[in-house]
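Please read the structure below before turning to the comments.
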Amino acid sequence: MSTTRRSLFAALLAVPLTAAAAAAQPWSHDERRYREWLRWREQERLRRIREARRQRREWREEMWNEERERAAWERRYRR
Numbered sequence: 087m088s089t090t091r092r093s094l095f096a097a098l099l100a101v102p103l104t105a106a107a108a109a110a111q112p113w114s115h116d117e118r119r120y121r122e123w124l125r126w127r128e129q130e131r132l133r134r135i136r137e138a139r140r141q142r143r144e145w146r147e148e149m150w151n152e153e154r155e156r157a158a159w160e161r162r163y164r165r
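Counting from 87, one number per residue, gives the positions in the sequence shown under the working numbering.
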């Protein structure tokens, strides 16, 4: 095989390899986007849990304060 034929053969072989590498890239990009989406979903879930806990805590504090106020009114008007 002459060097010209060898270089032509190598060039022909390089085209599918380059195409395969280019074709693999969007998949890895999609994989990265999918992992980012999973991370975002988990962060969003944790944020919702924290928000629900905060709201429940505020509700309990509000109910506790109302109960204290009611007890104070009862003590005040029992006298």
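We put the beta carbon where it would ideally sit given N, CA and C, even for glycine.
Quick one: Cα of residue i to Cα of residue j, how far?
i: W150; j: R125; result: 37 angstroms
i: L132; j: A138; result: 10 angstroms
i: R140; j: A157; result: 26 angstroms
i: R134; j: R127; result: 11 angstroms
i: E147; j: E153; result: 10 angstroms
Quick one: residues in its chain with C-beta nearer than 6 angstroms to the C-beta of residue i, no 5 flanking neighbours on either side, listed in chain order?
i: T90; result: none
Any heavy atom of the ligand ATP closer than 6 angstroms to the CB of residue i?
i: W150; result: As for the ligand ATP, it is missing from this structure, which has no ligand bound.
In chain order, what are the residue ranges of uninterrupted alpha helix (DSSP H) at least 4 long that sit wholly in the segment 103-160? With a minimum length of 4 residues, no continuous alpha helix (DSSP H) run stays inside the segment 103-160.
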